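Peer 1: If you read the protein sequences in the order shown, they are chains Y and D.
Residues 1 to 253 (the numbering used here) are what the first sequence spells out, left to right.
Residues 1001 to 1235 (the numbering used here) are what the second sequence spells out, left to right.
Yeah, the Cβ is synthetic: ideal placement off N, Cα and C, and Gly gets one too.
Note that this is a predicted model, so its numbers are computed, not measured.
Let me give you the structure first, and then I'll get to my questions.
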Amino acid sequence: MIRLEKVSKRLGGTLVLKAIDLHVKTGETLVIVGFSGAGKSVTIKHMIGMLTPDRGRVLIGDEVISETSGRALQRLRRRFGVLFQSAALLEWMSAAENVALPLREKTKMSEEEIAAAVHEKLAMVGLEEDDDKSPSELSGGMRKRVGLARAIVTNPEIILYDEPTSGLDPVTSRAIDALINRLREQLGVTSVVVTHDLMSALAIGSRIAMLHEGRIVELAEPQEFIRSQEPEVQRFLEAQYITKHGPWERTAR
Amino acid sequence: MLGEAILHIRHAWTPRARAEIAYQMFFTGIRSLGVVTVVALFTGMILSLQTGLALRRYGQEVNIGGAVMVSMLREMGPFMTALILAASVGSSIAAQLGTMTVSEEVAALEIMAISPVRFLVMPRLVALAIMTPVLTFYGGMVGVLGGGIIGMTQLGVPLQAYIDNATRWADNKDLYVGLLKAFVFGIIVVTVACHQGFTTTEGAVGVGRATRQSVVISFLTILIVGYILTRMFYS
Chain Y
1 MIRLEKVSKR LGGTLVLKAI DLHVKTGETL VIVGFSGAGK SVTIKHMIGM
51 LTPDRGRVLI GDEVISETSG RALQRLRRRF GVLFQSAALL EWMSAAENVA
101 LPLREKTKMS EEEIAAAVHE KLAMVGLEED DDKSPSELSG GMRKRVGLAR
151 AIVTNPEIIL YDEPTSGLDP VTSRAIDALI NRLREQLGVT SVVVTHDLMS
201 ALAIGSRIAM LHEGRIVELA EPQEFIRSQE PEVQRFLEAQ YITKHGPWER
251 TAR
Chain D
1001 MLGEAILHIR HAWTPRARAE IAYQMFFTGI RSLGVVTVVA LFTGMILSLQ
1051 TGLALRRYGQ EVNIGGAVMV SMLREMGPFM TALILAASVG SSIAAQLGTM
1101 TVSEEVAALE IMAISPVRFL VMPRLVALAI MTPVLTFYGG MVGVLGGGII
1151 GMTQLGVPLQ AYIDNATRWA DNKDLYVGLL KAFVFGIIVV TVACHQGFTT
1201 TEGAVGVGRA TRQSVVISFL TILIVGYILT RMFYS
């Protein structure tokens, strides 16, 4: 579904991505983890054409998004839904208006059809009762869920999640994880998740990729990932109290 | 960006765009009315007093009507209104778009295949292109009124004589050139503000910098372009 081929990118004099190869399979949830500055967000920005590689190319299906611009790029982007780290809701609109925005702007649906679609998606994220609240009235977790409803309202094939649990308490984080899993099961979408939260990665990932200094140092299913012999992976696991002795075993030190 | 925004004016009749343009016109026009009124009134009063005192030496203070009218229509009205809008509306636009840029709201629009220029810039461009000339004309008339008040109370010029003199000296060209200037200044304010907003980086510090830059660049551009337009029409 998504393929990065030998993608390199230099930003501000630093080589952020170093000829990475990555293939996201249709219907899977690929989680990209790594330390801050490892190039995780840069990687998903390449997937959606917000950044173009200095070398290499990015394909969505058979189409090379990294060499696409203008209307063709807009058409390709309609295959995506994106949940931003900050949710990126428009502050002067209500939750329902935010979710309705892509339908109002980019489709010819009637207001009745839009209202029904918005209600359905808000119900999927458990916020159908909060549709008239403004973003400033919503908690961090609720904002993320509204952002998620907006991301899925156009029924995209691919959903990109940029730090979906950052800034949330553990209970809300696990609720977001459950929501991501449910959306994959209900909608059958391909998902790419960027996160620091390894507990979340293990809970939602079909596979987990670790980026370190612009290279993918590990790419494995969760059970194999936590047994990785890569020093950087082990350091990352230990920092979050996860050991190789068991997939969910945590040891406080 | 300006060219793209002009191309998007064809979308100005959609319900959302109409509502947004109406709101921006209200925000630009009605919210600025108070400050434009006060500044224009006192500008006209100062202009009248200074000109009147100079002309009184030659017994010509009856001609202050023409002097105030021509000054307000040609130069003071457009400059005064544009500088007020640059400082109030332009800075507000730069701060809002800057905040939206650093909080990824502009990126979210792009990802949803919604042009930020069509969604955010075009309504503001249309609103300022309409409201700056309207406010300029209003400010000019208030300034002339302020001049008349000073003429009557301080210089002993009857109101009717002041009005007769004002309408005799000013011609249509003064009005058209003043409104043209205001139209151009309005476009400058919105273009500079939106550009500064969209190029904001570095969070809250960047938003502050973009806001300040928006005002400074708008002021300088308005003064330079104002001079060029004056040269074009009156040299």
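1) Measuring only the C-alpha atoms, how far is V1038 of chain D from M1122 of chain D?
2) P1015 of chain D: which of Y:S110, Y:G12, Y:R10 and Y:T52 sits nearest, CA to CA?
3) Can you name the start and end residues of the beta strand (DSSP E) that G34 of chain Y belongs to?
4) With H, G and I counted as helix, E and B as strand and the rest as coil, what does DSSP make of S110 of chain Y?
5) What does the alpha-carbon distance come out to for the pair L15 of chain Y and E128 of chain Y?
6) What number of angstroms, rounded off, separates the C-alpha of I44 of chain Y from the C-alpha of L122 of chain Y?
7) I'd like the ranges of any alpha helix (DSSP H) spanning at least 4 consecutive residues and lying wholly in the region 1–80 of chain Y.
8) Just reading off the alpha helix (DSSP H) that D177 of chain Y is part of, what are its end residues?
9) Could you please tell me which residues of the region 1013–1024 of chain D, in chain order, have their CB closer than 8 Å to any CB of chain Y?
10) Along chain D, which residues have their Cβ under 8 Å away from the Cβ of I48 of chain Y?
11) Tell me where the beta strand (DSSP E) around E218 of chain Y begins and ends.
12) Report yes if the C-beta distance between S8 of chain Y and A19 of chain Y is below 7 Å; otherwise report no.
13) Can you list, in chain order, the residues of the region 103–135 of chain Y whose Cβ is nearer than 8 Å to any Cβ on chain D?
14) Could you tell me the distance, in whole angstroms, from the CA atom of I1222 of chain D to the CA atom of A1082 of chain D?
15) Would you tell me roughly how many angstroms separate the C-alpha atoms of D162 of chain Y and R1018 of chain D, rounded to the nearest one?
16) With a cut-off of 7 Å, does the C-beta of L90 of chain Y fall near any C-beta of chain D?
17) If you draw a straight line from the C-alpha of R253 of chain Y to the C-alpha of Y241 of chain Y, how long is it?
18) If the criterion is Cβ atoms closer than 7 Å, does the pair D53 of chain Y and S41 of chain Y meet it?
19) Based on the DSSP secondary-structure assignment, which residues constitute the bridge partners of I297 of chain Y?
20) Quick one: does I1006 of chain D have its CB under 7 Å from some CB of chain Y?
21) Does chain D have any CB closer than 7 Å to the CB of R250 of chain Y?
22) Please report the distance separating the alpha-carbon of D131 of chain Y from that of R77 of chain Y.
23) Is any beta-carbon of chain Y found at less than 7 Å from that of S1092 of chain D?
24) So the beta strand (DSSP E) I208 of chain Y belongs to, where does it begin and stop?
25) Measure how close the beta-carbons of T172 of chain Y and P102 of chain Y come, nearest whole angstrom, since I'm counting them as under 8 Å.
26) Run the CB neighbour count on I1114 of chain D, radius 10 Å, all protein chains shown included, and call it buried at 16 or more, exposed below.
27) Is the CB-CB distance between G1178 of chain D and V1102 of chain D below 7 Å?
28) Measure the beta-carbon distance from V146 of chain Y to N98 of chain Y and round it to whole angstroms, keeping in mind my assumption that it falls under 8 Å.
29) What are the boundary residues of the alpha helix (DSSP H) that V153 of chain Y is part of?
Peer 2: With the structure as the only source:
1) So the alpha carbons of these two residues sit roughly 30 Å apart.
2) Y:S110
3) T29 to G34
4) coil
5) Their backbone Cα atoms lie some 44 Å apart in a straight line.
6) 25 Å
7) 40–47 and 70–77
8) P170 to L187
9) Residues of the region 1013–1024 of chain D that bring their beta carbon within less than 8 Å of a beta carbon in chain Y comprise R1016, in sequence order.
10) I1111
11) R215 to A220
12) yes
13) R104, E105 and K106
14) 8 Å
15) Note on geometry: alpha-carbon atoms of D162 of chain Y and R1018 of chain D lie some 34 Å from one another.
16) Yes, L90 of chain Y lies at the interface with chain D (some Cβ there is under 7 Å from its Cβ).
17) Below a pLDDT of 50, predicted positions are generally treated as unreliable, and R253 of chain Y, at 39, falls in that range; no measurement from the model is reported.
18) According to the sequence as given, residue 53 of chain Y is Pro; it is not Asp. One thing to note: P53 of chain Y has its Cβ no nearer than 7 Å to the Cβ of S41 of chain Y.
19) The structure shown does not extend to residue 297 of chain Y, since chain Y is modelled only from 1 through 253, so no value can be given for it.
20) no
21) Because R250 of chain Y carries a pLDDT of 42, less than 50, the predicted location of this residue cannot be relied on, and the following value inherits that uncertainty. So, not an interface residue.
22) 26 Å
23) no
24) Element bounds for I208 of chain Y: R207 to H212.
25) The pair is not a contact, with the Cβ atoms about 25 Å apart (cut-off 8 Å).
26) Buried, by the Cβ-count rule.
27) Using a Cβ distance threshold of 7 Å, G1178 of chain D and V1102 of chain D do not count as a contacting pair.
28) 6 Å
29) Here V153 of chain Y belongs to no alpha helix (DSSP H), and DSSP marks it neither H nor E.
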